[in-house]
Structure formats: structure tokens, C-alpha cells
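J.: Counting in our numbering, the sequence shown runs from 39 upward without gaps.
All C-beta atoms in this analysis are idealised placements derived from N, C-alpha and C, irrespective of residue type, glycine included.
If you scroll down you'll find the structure; I have some questions about it.
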Amino acid sequence: MKKKILTLCIIHQHPKILLGMKKRGHGEGKWNGFGGKVEKGETIKQGAIREMKEESGVEIRKMNKLGILEFAYQDGSGNMEVHIFYVKEFRGSPTESEEMKPKWFHIDEIPYNQMWPDDKYWLPMFLDEKSFKGKFIFSKFNEIVDYYINENNIN
Numbered sequence: 039m040k041k042k043i044l045t046l047c048i049i050h051q052h053p054k055i056l057l058g059m060k061k062r063g064h065g066e067g068k069w070n071g072f073g074g075k076v077e078k079g080e081t082i083k084q085g086a087i088r089e090m091k092e093e094s095g096v097e098i099r100k101m102n103k104l105g106i107l108e109f110a111y112q113d114g115s116g117n118m119e120v121h122i123f124y125v126k127e128f129r130g131s132p133t134e135s136e137e138m139k140p141k142w143f144h145i146d147e148i149p150y151n152q153m154w155p156d157d158k159y160w161l162p163m164f165l166d167e168k169s170f171k172g173k174f175i176f177s178k179f180n181e182i183v184d185y186y187i188n189e190n191n192i193n
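So, in C-alpha cells, the structure goes:
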């Protein structure tokens with residue numbers, strides 16, 4: 039099965055980060071960064087910029103890729119490669135879209151219990167602006183059954 043290439047963007051302006059409540063589709067009801075599938079003919083960076091604008095109304099001015107995570111399910115379905123971007127500068131005000139409802143969180147109040155279970159492993163590295171690479175394998179019930187994550191220069 040071919041891997042889907044996806045993006046994930048999070049704005050971090052210490053001491054707060056911007057997350058979005060997913061309103062539909064994969065991850066509905068969870069807080070997450072902004073992103074999605076890279077479309078045919080666009081680069082990963084172009085896909086990240088487009089998805090951020092579509093989901094939050096925000097135009098990225100400066101970002102760094104900090105992470106690459108692979109996700110899979112035990113049954114072999116849902117293989118994904120997610121490129122994670124740290125957004126340093128942006129233009130516009132976060133606005134609710136059909137897919138996401140944005141909200142600023144203080145870094146001491148990140149709602150990990152309402153996020154994907156892998157986030158607690160890599161988000162602290164992200165907040166410290168460390169590069170990382172990893173893989174998470176989930177059961178069909180979205181529980182992590184195996185993983186690794188390493189600080190790694192991905193650029």
C-alpha cells in the first residue's frame with residue numbers, strides 16, 4: 039500500500055500555540071495542527087501553505103520543517119508520512135473554517151487528552167524547536183501499539 043504524504047503546521051508564539059478542533063473527517067473531535075494531503079503537482083511546502091490558509095485563514099510568512107512522522111495501523115491500512123512545520127511568522131487572524139475551529143493554548147495547558155495519543159511524544163521536541171523523526175503504529179482503536187521517535191536533523 040502506498041503512503042499518503044501529508045502536512046501539519048502549528049503556529050508557536052511562545053508561550054502559546056495555535057491548534058484547531060477538527061470538525062469533520064479523520065480526527066474529528068480532536069485538537070490538532072493544520073494540514074492535510076499534498077495535492078498532485080505541488081511540493082510538500084506548497085501543500086502546507088495551502089492547507090494552513092484553507093483551514094485557518096492564516097497566510098504563512100516563515101516556517102521550518104521540524105519533523106517527519108510515519109503512521110500506520112497494525113492491519114497495514116492507513117500508511118501516512120506527515121511533514122511537520124513550525125510556523126514562525128504569519129499574516130491574518132485565525133478564522134474558523136468548515137473543517138477546523140482554531141484556538142490559542144498556553145503551552146502549559148495543551149489539551150493532550152483531546153489530541154492524538156502520539157502528540158505527547160513529539161510536541162515537546164517541537165516546542166523546543168528540535169528536529170525529529172519517528173514512526174507510530176496504531177491498533178484499529180487508535181491506541182499506540184509500537185513507536186520510536188528520535189531527535190534527528192531532517193533538513
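Which two residues bound the contiguous alpha helix (DSSP H) that contains G85?
T.: From DSSP, the alpha helix (DSSP H) with G85 extends over 82-94.
J.: Hey, how far is the Cα of Q152 from the Cα of K68?
T.: Going by the C-alpha atoms only, they are around 5 Å apart.
J.: How long is the line joining the alpha carbons of W154 and G71, rounded to whole angstroms?
T.: Going from the Cα of W154 to the Cα of G71 covers about 11 Å.
J.: Quick one: residues in its chain with C-beta nearer than 7 Å to the C-beta of W127, no 5 flanking neighbours on either side, listed in chain order?
T.: Checking the sequence shown, residue 127 turns out to be Glu, not Trp. Cβ neighbours of E127 beyond the five flanking positions: R99, K100.
J.: I need the straight-line Cα distance from P53 to E147, nearest angstrom please.
T.: About 10 Å.
J.: Can you tell which of G116, G114, I122, S115 has the C-alpha that lies nearest to the C-alpha of L107?
T.: That would be I122, whose Cα lies nearest to the Cα of L107.
J.: With DSSP as the reference, label I148 as helix, strand or coil.
T.: DSSP places I148 in coil when its eight states are reduced to three.
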